[in-house]
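If you read the sequence shown in the numbering used here, its first letter stands for residue 51, the second for the next number, and so on.
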Amino acid sequence: MAVLAVFIPVLLLGVVLALGRYEELLLPPAERSEEPFEPFVGDGAHRAL
51 MAVLAVFIPV LLLGVVLALG RYEELLLPPA ERSEEPFEPF VGDGAHRAL
């Protein structure tokens, strides 16, 4: 049982890391825009200030 308690979290960590790398390989790189992001006027940004 102690062996399972050690190997299962390590195995799950390996699966999560492998899926993250797989996702990076599949997705195209994010496009960089020259303009800075400005929130939409109607989203309550002015009310929050």
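For glycine and all other residues, C-beta sits at the position ideal for the given N, C-alpha and C.
Rounded to the nearest angstrom, what separates residue i and residue j at their Cα positions?
i, j, result
"E81", "V65", "28 Å"
"L67", "E85", "33 Å"
"D59", "Y72", "The sequence shown places Pro at residue 59, rather than the Asp named in the question. Roughly 20 Å separates the two Cα atoms."
"L76", "L62", "21 Å"
"A55", "S83", "47 Å"
"P78", "G70", "14 Å"
"E74", "A52", "34 Å"
Mind checking whether the beta-carbon of residue i lies closer than 7 Å to any heavy atom of the ligand NAP?
i, result
"L75", "As far as ligands go, the structure on display features none, and thus does not contain the ligand NAP."
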